[in-house]
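Please read the structure below before turning to the comments.
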Amino acid sequence: MTITPSSHDVRLHAIGTYLPSTRESNLERGAEFGFQSDFLKDVLGFVARSVKESNELTSDLCVRAFEDLCHRSRLKKEDVQLVTVVTQNPDVKIPHTAAIVHNKLGLAKPCMTFDISQGCAGYCHAVAITVGVMETTGLDHAVLFTCDPYTDIIDEHDKDVALLFGDAATASYFTRDGSGYRLIDANFGTMPDSHECLRCEDLLKMDGRAVFNNAAKQVPPSIIELLQRNQMAVDDVDRLLLHQASKYIVEFIRTRLEIPPEKAPFAAADYGNTVSSSIPLLLQECVSSCEFEVLLLSGFGIGFSWGNNLLKAVRAET
Amino acid sequence: MKTVDDIIQLMKNAGVARGKCDSLLPDQSLADQGLDSYDRMTLLFEIEEMLDTDIPTSEASKLTTLQAIADYVNEQSN
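Protein chains in written order, with the working numbering: chain A, 1 to 318; chain B, 1001 to 1078.
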């Protein structure tokens, strides 16, 4: 595959992240539910979960991720033309959290703001939307936030969900200069009659078997379909960054696709399933080093929906 | 006609309950014999793939032993 991007193509240039420093140990809580430590380490995969402060809001976590982004790039606040926040845990119902983040950061007036209501597939949806908006409207600088702090919607006595989720935020900077990754193609899906598999009115409820079955049945073929329509095979992908739903699900999908472990890492043992932030947390290092040629991102979960992004490196001219 | 041994072989091929398969008793609850929730989900998933059908939650909740699973597979295959 040879792709020669124009020097002005939109690319993902840098990612800032924020993981709250507080950790809650699953090894201690797991014993209350009768889980063996081997199960927590080797199957569920989450030894600890990151937990935000009780008074921290989604917008606060986004601001912390933006601060990290500013350390990692030359982004100037006055240049930001688009802010979008992937979340299903907004600060308030109205206004949208992106407008609150815009205000807290003191961004400029000519700036589009909107939220994207998506879950674990949210980052892949938002990358496609962000690139699409930038290419359609000619924007040069956009910041895509992810933040779904589940701490506030988890029943700590519900063993189906109590040990899964961690709090985090990320900020992805899309621009038209410098090194980074360009979106080559993407595909998406939503499984009919499966919207109840993860549901929250006051507290999150999960049908674990339905989530697992949909992930196992829908995700591997959707990845193959995306690769095939780009005349690529699994071996052409340098890194497959899967949503870190659990170690078991990551391993299951990786094995189905016959990908070696080092190409499809599980790296969330210390902080948990961070929903839409799980992929950009993994992606940060890849974007920073730009060492891999082809990346494939795959998010899946709430809906039950899924999305895949095929990315190719763009290296800055020297 | 599928036997309990066939179900155990299916589990081995799918990497379910690694290290425990050969000691499983047919009429004892799989949960009581140390299978975790992911083992159970994967086993049911493999059965669904083999039968090319979805196992409803109401049926899945009854499939708690190897014998019950073998009986279910044979019923569905007839």
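All C-beta atoms, glycine included, are put in the ideal place defined by N, C-alpha and C.
Inset, instruction - With a cut-off of 8 Å on the beta carbons, I'd call Phe151/A and Tyr123/A a contact; round off their distance for me. - result: Reading the sequence as shown, one finds Thr at residue 151/A and not Phe. Not really, about 20 Å apart at Cβ, beyond 8 Å.
Legend entry - Best match in Val43/A, Arg49/A and His141/A for proximity to Asp177/A [C-alpha to C-alpha]: His141/A
Inset, instruction - Just tell me which of Arg49/A, Ser50/A and Gly301/A has its CA closest to the CA of Leu198/A. - result: Gly301/A
Legend entry - Beta-bridge partners of Val294/A, as assigned by DSSP: Lys312/A
Legend entry - Paired residues, beta bridge with Arg23/A - DSSP: Ser50/A
Inset, instruction - Write down every uninterrupted run of the alpha helix (DSSP H) in the stretch 192-266 of chain A whose length is 4 residues or greater and which is fully enclosed by it, in chain order. - result: 208-228 and 247-256
Legend entry - Contacts around Ala269/A, its chain only, beta-carbon distance under 8 Å, and the 5 residues preceding and following it disregarded: Lys41, Gly45, Phe46, Val47, Ala48 and Lys247
Inset, instruction - Would you kindly work out how many angstroms separate the C-alpha atoms of Tyr271/A and Met232/A, rounded to a whole number? - result: 33 Å
Legend entry - 7 Å Cβ cut-off: residues of chain A touching Asp1052/B: Those within 7 Å of Asp1052/B in chain A number zero; the least Cβ separation is about 12 Å.
Legend entry - Close Cβ partners of Thr2/A (< 6 Å) along its chain, the five nearest in sequence each way excluded: Confidence is the limiting factor: at Thr2/A the pLDDT is only 43, short of 50, which leaves the residue's position unreliable and the question unanswerable from this model.
Legend entry - Where the beta strand (DSSP E) containing Gly16/A begins and where it ends: Arg11 to Tyr18
Inset, instruction - Out of Leu144/A, Leu281/A, Asn308/A and Thr58/A, state which residue places its alpha-carbon closest to the alpha-carbon of Ile153/A. - result: Thr58/A
Legend entry - Residue nearest to Leu204/A in terms of C-alpha spacing, selected from Phe292/A, Ser50/A and Leu164/A: Leu164/A
Legend entry - Host alpha helix (DSSP H) of Val319/A (start-end): Outside the displayed range of chain A (1 to 318) lies residue 319/A, so it cannot be described from this structure.
Inset, instruction - Could you tell me which of Gly34/A, Thr170/A, Arg64/A and Arg239/A sits nearest to Leu297/A, measuring between CA atoms? - result: Arg239/A
Legend entry - Beta-bridge partners of Leu144/A, as assigned by DSSP: Thr84/A and Ser172/A
Inset, instruction - Consult DSSP for Asp167/A and reduce its assignment to one of helix, strand or coil. - result: coil
Inset, instruction - Check each candidate in Phe39/A, Lys52/A, Ala31/A and Phe33/A and name the one with the smallest Cα separation from Arg23/A. - result: Lys52/A
Inset, instruction - List the residues of chain B whose Cβ lies closer than 7 Å to the Cβ of Val43/A, in chain order. - result: Asp1036 and Tyr1038
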